[in-house]
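K.L.:
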Amino acid sequence: MTELSRLEIIYEKDNLKKIKESKILIAGLGGVGSYAAEAITRCFVNNIVLIDYDKYDITNLNRQLHSNLLTIGRYKVDIIKENIEKINKHANIIDLKKKLNKDNIPLLVSKDINFVIDAIDDFEAKVDLIEHCYKNDINIISCMGTGNKIKPEKLQYSDIYKTKVCPLARKIRKELRNRNIKKLDVVYSTEEVIKRQLTTTVGSSPFVPATAGLLLASYVINRIIE
Numbered sequence: 004m005t006e007l008s009r010l011e012i013i014y015e016k017d018n019l020k021k022i023k024e025s026k027i028l029i030a031g032l033g034g035v036g037s038y039a040a041e042a043i044t045r046c047f048v049n050n051i052v053l054i055d056y057d058k059y060d061i062t063n064l065n066r067q068l069h070s071n072l073l074t075i076g077r078y079k080v081d082i083i084k085e086n087i088e089k090i091n092k093h094a095n096i097i098d099l100k101k102k103l104n105k106d107n108i109p110l111l112v113s114k115d116i117n118f119v120i121d122a123i124d125d126f127e128a129k130v131d132l133i134e135h136c137y138k139n140d141i142n143i144i145s146c147m148g149t150g151n152k153i154k155p156e157k158l159q160y161s162d163i164y165k166t167k168v169c170p171l172a173r174k175i176r177k178e179l180r181n182r183n184i185k186k187l188d189v190v191y192s193t194e195e196v197i198k199r200q201l202t203t204t205v206g207s208s209p210f211v212p213a214t215a216g217l218l219l220a221s222y223v224i225n226r227i228i229e
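Okay, here's the thing in structure tokens:
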């Protein structure tokens, strides 16, 4: 028995070889991206690029994998890299403490990447990343809004132009039209946003971001073996 034994039962050896040899970039390692990174790691992908400029703080404890009282103040990239190395001894990890923007995306997101998982919150960076991947034929799946939502069962896959309800998807859809981007695979929720009159702060649950992250990872792995 090996660490791959249970995966071989469902994916078979040839497909596992494709998975292991693929190169996956995860942009954003918060509530969504941390769970995507965990699932990608446990599929024993050997080439992983991690991008996040942020550190853990106390508000992350309710939803972000690996956030705890000992990791507060440490870079998310560092913690998740350490975790990957504890699981996959063959992992080749590129860890980038960077805030993505229009200027550095072409430098950081190379054409040899098999799939990009977009789990970032910044609107401009998100759209610039999507545009770069679209124009360079780099596979990408993007996560839409998971904040102020409590029902993970409302999450689903879609093309961005078929989404409904999600305010972030609506905003991104409009911008992608302006940039003549014809398609984008996304994970999004049909749940109505929960609004509280006394605050503009975005709320979050442990369930929705985590489920979105696992859906992103599942989509990528299953696309790689198609």
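Going by the working numbering, the first residue of the sequence shown is number 4, and it counts up by one from there.
C-beta atoms are modelled at their ideal positions from N, C-alpha and C, and glycine is treated no differently.
Under a Cβ-count criterion, where at least 16 other Cβ atoms within 10 Å of its own Cβ denotes burial, should residue 36 be classed as buried or exposed?
P.N.:
Flag for residue 36 reads buried.
K.L.:
Which term fits residue 227, buried or exposed, when burial requires 16 or more other beta carbons within 10 angstroms of its beta carbon?
P.N.:
buried
K.L.:
Taking contact to mean 3 or more Cβ pairs, one atom from each stretch, closer than 8 Å, check whether the region 106-121 and the region 69-77 are in contact.
P.N.:
At 8 Å Cβ cutoff, the stretches do not touch.
K.L.:
Note down the Cα distance separating residue 202 from residue 152, rounded to an integer number of angstroms.
P.N.:
15 Å
K.L.:
Tell me which residue opens and which closes the alpha helix (DSSP H) that residue 215 is part of.
P.N.:
210-227
K.L.:
Buried or exposed: which applies to residue 166, given that a residue is buried once 16 or more other Cβ atoms fall within 10 Å of its Cβ?
P.N.:
buried
K.L.:
When you compare each of 179, 162, 97 and 40 to residue 135 by their alpha carbons, which one comes out closest?
P.N.:
179
K.L.:
Helix, strand or coil for residue 68? Go by DSSP, reduced to three states.
P.N.:
coil
K.L.:
State the Cα-Cα distance for the pair residue 144 and residue 187, rounded to the nearest angstrom.
P.N.:
7 Å
K.L.:
DSSP state of residue 47, grouped into three classes?
P.N.:
coil
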